[in-house]
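My numbering applies: residue 1 is where the sequence shown begins, and numbers increase by one. Glycine included, C-beta positions come from ideal geometry on N, C-alpha and C. Note that the structure is a prediction, hence the values are computed from the model and not measured. One structure below.
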Amino acid sequence: MAGVKDVVAQWRANPKVAANLVAVRELPGQPARWVDLPRTLHPQLARALWDRGVTRLFSHQADALAALAEGEDVVVATPTASGKSLCYHLPVFDALLADPSARALYLFPTKALARDQLESVRELATATRAADLGAVVYDGDTPPDHRRAARTRARLVATNPDMLHAGILPHHALWAAFFAGLKYVVVDELHVYRGLFGSHVANVLRRLRRIAAFHGASPQFVATSATIANPGELGERVLGRAPRVLTESGAPTGPKTFLVYNPPVVDSALGLRASYIKSAKRLARDLIDGGVGTLVFARSRRAVEILVRYLRDDVDEPEDEARIRGYRGGYLPDRRREVEKLLRDGKTNCVVATSALELGIDIGGLDAVVMAGWPGSRAAAWQRAGRAGRRGQPSTVVLVTSSEPLDQYVAGNPEFLFGEPPEHALVDPDHLGVLVPHLKCAAFELPFASGERFGRLGEDGTREALGVLARRGLVHEDVAGGTYHWIADVYPAHGVSLRGGAEENFTVIDEGSGKVLAEVDYRDAPMQLHVNAIYPLEARLYEVLRLDWGARKAYVRACEVDYTTDAMTHTRVSLLEALRSEGNAGFGDVHVVERVVGFKKIKLYTSENVGYGEVTLPDYEIHTRAVWFDPPSSEVAPRHAGAWRDGIGRAARALHHVAALVVLTETRDLGRALVDPDPPATLPRIYLYDQTPGGAGLAERLFEERARLVERAARLVVGCQCAYGCPSCVGALEDKSTGAKAAAGAILGAMGAGGEAW
Numbered sequence: 001m002a003g004v005k006d007v008v009a010q011w012r013a014n015p016k017v018a019a020n021l022v023a024v025r026e027l028p029g030q031p032a033r034w035v036d037l038p039r040t041l042h043p044q045l046a047r048a049l050w051d052r053g054v055t056r057l058f059s060h061q062a063d064a065l066a067a068l069a070e071g072e073d074v075v076v077a078t079p080t081a082s083g084k085s086l087c088y089h090l091p092v093f094d095a096l097l098a099d100p101s102a103r104a105l106y107l108f109p110t111k112a113l114a115r116d117q118l119e120s121v122r123e124l125a126t127a128t129r130a131a132d133l134g135a136v137v138y139d140g141d142t143p144p145d146h147r148r149a150a151r152t153r154a155r156l157v158a159t160n161p162d163m164l165h166a167g168i169l170p171h172h173a174l175w176a177a178f179f180a181g182l183k184y185v186v187v188d189e190l191h192v193y194r195g196l197f198g199s200h201v202a203n204v205l206r207r208l209r210r211i212a213a214f215h216g217a218s219p220q221f222v223a224t225s226a227t228i229a230n231p232g233e234l235g236e237r238v239l240g241r242a243p244r245v246l247t248e249s250g251a252p253t254g255p256k257t258f259l260v261y262n263p264p265v266v267d268s269a270l271g272l273r274a275s276y277i278k279s280a281k282r283l284a285r286d287l288i289d290g291g292v293g294t295l296v297f298a299r300s301r302r303a304v305e306i307l308v309r310y311l312r313d314d315v316d317e318p319e320d321e322a323r324i325r326g327y328r329g330g331y332l333p334d335r336r337r338e339v340e341k342l343l344r345d346g347k348t349n350c351v352v353a354t355s356a357l358e359l360g361i362d363i364g365g366l367d368a369v370v371m372a373g374w375p376g377s378r379a380a381a382w383q384r385a386g387r388a389g390r391r392g393q394p395s396t397v398v399l400v401t402s403s404e405p406l407d408q409y410v411a412g413n414p415e416f417l418f419g420e421p422p423e424h425a426l427v428d429p430d431h432l433g434v435l436v437p438h439l440k441c442a443a444f445e446l447p448f449a450s451g452e453r454f455g456r457l458g459e460d461g462t463r464e465a466l467g468v469l470a471r472r473g474l475v476h477e478d479v480a481g482g483t484y485h486w487i488a489d490v491y492p493a494h495g496v497s498l499r500g501g502a503e504e505n506f507t508v509i510d511e512g513s514g515k516v517l518a519e520v521d522y523r524d525a526p527m528q529l530h531v532n533a534i535y536p537l538e539a540r541l542y543e544v545l546r547l548d549w550g551a552r553k554a555y556v557r558a559c560e561v562d563y564t565t566d567a568m569t570h571t572r573v574s575l576l577e578a579l580r581s582e583g584n585a586g587f588g589d590v591h592v593v594e595r596v597v598g599f600k601k602i603k604l605y606t607s608e609n610v611g612y613g614e615v616t617l618p619d620y621e622i623h624t625r626a627v628w629f630d631p632p633s634s635e636v637a638p639r640h641a642g643a644w645r646d647g648i649g650r651a652a653r654a655l656h657h658v659a660a661l662v663v664l665t666e667t668r669d670l671g672r673a674l675v676d677p678d679p680p681a682t683l684p685r686i687y688l689y690d691q692t693p694g695g696a697g698l699a700e701r702l703f704e705e706r707a708r709l710v711e712r713a714a715r716l717v718v719g720c721q722c723a724y725g726c727p728s729c730v731g732a733l734e735d736k737s738t739g740a741k742a743a744a745g746a747i748l749g750a751m752g753a754g755g756e757a758w
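The following block contains the structure:
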């Protein structure tokens with residue numbers, strides 16, 4: 001049976017494949033850099049490591065131990081599969097074995113990752129032969145009796161930021177012994193904590209430090225991260241102190257072949273290429289037939305299901321069909337655990353997954369990764385690529401690009417992937433729209449003493465913010481003692497969602513058996529579970545018979561059809577109240593409505609549109625805050641008049657991406673819309689709005705920074721070296737004669753030249 005090298009050689013020798021390989025990079029492996037086990041390790045821990053075959057450490061693991069021994073916080077930012085977990089397991093277990101009162105808190109971004117990592121924790125605890133190293137997961141799925149045991153007896157608790165925020169910190173009195181002995185806080189997958197979510201988590205950790213100090217503890221923080229451009233800066237902002245940053249990995253890596261495959265053009269007039277889904281399927285099939293364990297990353301849950309269906313349709317034997325599995329959000333926990341175990345045991349040929357498997361879930365060794373479509377960033381691409389070659393053996397990674405502009409930009413400019421560093425991860429935990437809600441939570445948890453500060457407000461800023469809360473009747477100021485006590489009836493943590501608006505998930509139920517098949521997020525339910533929708537689940541297709549919106553349940557039945565469905569949506573932004581307005585820009589409250597207006601039937605394999613259907617469902621609505629810009633008339637630059645309206649859309653895109661940098665967040669935290677004024681006018685208005693219900697302060701800050709925002713967006717567009725437009729500025733343009741890039745630059749330039757009006 002062929003191996004990775006043989007399959008790659010076959011591709012390069014096949015003219016039909018080789019003609020579309022736009023980049024091939026041979027990435028050399030590196031040998032391990034070893035360090036002896038420290039003699040200072042507790043004897044039981046050292047013996048447990050020896051029994052498990054661990055007689056030496058990688059250099060970065062030893063460096064992490066040394067830095068922690070010196071009292072520093074540590075961020076380990078090394079590639080996937082470099083043994084980062086031992087960087088925190090070893091100091092934690094050393095402390096737990098040496099001090100019976102010591103405790104540790106492990107923080108993971110998802111429940112699945114917490115439960116996966118706890119297995120390795122328990123295995124190590126068993127190997128140490130210590131009877132009192134109790135480790136538990138504490139999350140929304142933990143039974144009540146286990147929760148009580150965790151609070152009183154557990155010495156190592158694994159949880160997620162949401163549970164720490166709303167389920168542990170507000171009840172810290174019940175955890176008094178745990179917080180009093182807290183020695184280490186582990187923050188795994190630090191790179192996930194960016195944007196608005198990361199800003200919230202940074203404030204949760206501020207509250208954690210405050211509560212630990214109240215109980216007499218000052219824990220050290222150990223964080224691990226995928227490769228990003230600024231691990232030290234992100235670590236300092238999220239953890240609250242400047243950490244020692246370790247980026248040099250001592251783990252061995254095998255040689256890796258990285259290929260970029262651009263499907264052939266099928267319509268040169270429109271620039272359309274062959275289906276990237278089908279191309280990814282063919283390349284994955286070659287790897288599977290060659291006996292190569294393969295992980296396929298798809299960009300959406302729908303793409304996962306289509307790829308699983310296509311790959312299974314190619315096999316004849318039922319047992320081979322069962323060895324091709326899907327993995328995505330929405331699968332029930334038992335299905336995900338089953339797939340993870342099959343991967344670890346090497347009993348599956350191929351798994352098709354979303355970004356859910358980017359994180360550090362232990363899935364054993366795989367020899368190939370196929371990325372069906374550009375994952376959105378260099379950091380994500382290299383994180384996915386790191387899933388191949390985990391045993392130091394030769395491996396291959398294939399990026400299959402779609403016809404979308406960003407994919408084609410990467411295909412035409414491979415150095416964008418290979419020659420540029422990973423992107424920065426951005427957070428702004430001190431923005432008042434994020435910080436003040438956590439100040440309320442902190443006041444509920446503990447009174448604020450005279451002179452105490454929260455975040456970067458300083459003493460005066462904290463006192464001023466607490467004074468505002470006092471005037472609103474939420475806290476009481478003890479003038480004599482200078483303290484502030486929470487007095488309101490509300491429970492503040494319940495009103496602060498770390499990940500944006502949260503609603504109850506929808507369950508997918510088989511009409512015949514009554515069995516729950518899957519879950520669907522509230523936001524996705526109208527698009528995936530409307531009546532007559534085809535819901536795919538690991539190559540099987542189910543038709544939605546009825547949707548009980550109030551009960552959050554969709555009833556389905558298995559069906560045999562040759563199509564899937566794709567929802568059509570429309571977004572509308574309405575101005576409710578202008579809070580501030582200057583010149584052609586403004587800031588205020590808006591009403592955002594997302595409506596599913598219908599669906600298309602998309603034929604499998606050919607992707608033909610074979611019909612339409614209507615959808616009648618409640619709209620998804622949020623009241624939030626937005627900044628808006630009214631573009632100047634095309635008379636400002638008559639030679640671009642024909643492309644002016646398209647240029648407005650391109651200018652809006654540039655503003656959107658620069659806005660994320662200005663307010664230190666992710667583009668997904670901001671929405672973008674073009675809205676024609678009522679009564680209709682010639683030019684649409686550009687809206688940038690907070691994706692969080694009620695707003696998170698981003699739009700207000702953008703209004704305050706509007707001059708810098710417009711100026712930076714103009715520089716981005718005008719200064720870009722591309723001729724017609726590219727993903728680095730206004731997005732790639734199919735019609736290179738429109739002059740839309742020039743129009744966008746003129747629009748932004750006119751905005752910036754508006755003097756006091758802007």
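- Message: What residue range does the beta strand (DSSP E) around C768 cover?
- Response: Residue 768 is absent from the model: the chain starts at 1 and stops at 758.
- Message: Between V339, L664, R282, which has its C-alpha nearest A372's C-alpha?
- Response: R282
- Query: When burial is assigned at 16 or more other CB atoms within 10 Å of the CB, is A19 buried or exposed?
  - Reply: exposed
- Task: Please confirm whether V531 and R546 have their CB atoms less than 8 Å apart.
- Result: yes
- Task: Check whether the region 228 to 243 touches the region 413 to 428, counting contact only when three or more Cβ pairs, one atom from each stretch, lie closer than 8 Å.
- Result: yes
- Task: Would you tell me roughly how many angstroms separate the C-alpha atoms of R244 and A13, rounded to the nearest one?
- Result: 48 Å
- What span of residues does the alpha helix (DSSP H) with T299 cover, start to end? One point to set straight first is that residue 299 is Arg, not Thr, in the sequence displayed. Counting along the chain, R299 falls outside any alpha helix (DSSP H), and DSSP gives it neither H nor E.
- Task: Return the first residue and the last residue of the beta strand (DSSP E) that H656 is part of.
- Result: Careful: H656 lies outside any beta strand (DSSP E), inside the alpha helix (DSSP H) at 644 to 662.
- Leaving out five residues on either side along the sequence, give the residues of the same chain with a beta carbon under 7 Å from the beta carbon of A533. V544, T565, F599
- Message: Between R708, G550, L617, which has its C-alpha nearest E504's C-alpha?
- Response: G550
- Query: Over what stretch of residues does the beta strand (DSSP E) that includes A578 continue unbroken?
  - Reply: 563 to 582
- Query: Does the region 203 to 211 come close enough to the region 49 to 67 to have 3 or more Cβ pairs within less than 8 Å?
  - Reply: no
- Query: Going by C-alpha distance, which of T227, A411, R209, V370 is nearest T294?
  - Reply: V370
- Message: Can you check which of these residues, R378, R285, L435, R456, is closest to G419 by C-alpha distance?
- Response: R378
- Message: By alpha-carbon positions, which one of V17, V663, G250 ends up nearest to W34?
- Response: G250
- Query: With a Cβ-Cβ cutoff of 8 Å, do D73 and R241 count as a contact?
  - Reply: yes
- Item | Per-residue burial, C559 [other beta carbons within 10 Å of its own, 16 or more giving buried] | exposed
- Item | Beta-carbon gap between A626 and Y689 smaller than 8 Å | yes
- Query: Near N230, which residues of its chain fall below 7 Å by C-beta distance, leaving aside the five closest residues on each side in sequence?
  - Reply: H424, A425
- Query: Can you give the beta carbon distance from T110 to V260, rounded, assuming they're within the 8 Å contact cut?
  - Reply: The Cβ separation is near 30 Å, so there is no contact.
- Task: Could you check if G53 is buried or exposed, using at least 16 other CB atoms within 10 Å of its CB as the buried criterion?
- Result: exposed
- Message: Can you find the residues in the same chain that come closer than 6 Å, C-beta to C-beta, to E756, ignoring five residues on each side of it along the sequence?
- Response: Per-residue confidence for E756 stands at a pLDDT of 37, beneath the threshold of 50, marking its modelled position as unreliable; no derived number is given.
- Message: Just verifying my parser: in three-state terms, what is the DSSP assignment at C441?
- Response: helix
- Message: My assumption, with CB atoms under 8 Å, is that T462 sits in contact with R453. Please give the rounded CB distance.
- Response: 5 Å
- Thinking C-alpha only, which one of I288, L311, S82 is nearest A226? S82
- Would you kindly work out how many angstroms separate the C-alpha atoms of H42 and L342, rounded to a whole number? 35 Å
- Item | Separation of E519 from L469, as counted between CA atoms | 39 Å
- What separation, rounded to the nearest whole angstrom, lies between the Cα atoms of V17 and W11? 6 Å
- Task: Compute the Euclidean distance between the alpha carbons of R760 and S633, then round it to the nearest angstrom.
- Result: Given a span of 1 to 758 for the chain in the structure shown, any question on residue 760 remains unanswerable.
- Top-ranked residue by Cα proximity to L604, from L517, R715, R701, I277: I277
- L246 to A223, Cα distance in whole Å? 10 Å
- Task: With DSSP collapsed to three states, give me the class of H623.
- Result: strand
- Do the CB positions of L133 and R155 come within less than 8 Å of each other? yes
- Item | A411 vs N262 beta-carbon contact at 8 Å | yes
- Query: Going by other Cβ atoms of all chains shown within 10 Å of its Cβ, with 16 needed for buried, is K183 buried or exposed?
  - Reply: buried
- Query: Would you report the Cα separation of T665 and A64, rounded to the nearest angstrom?
  - Reply: 29 Å
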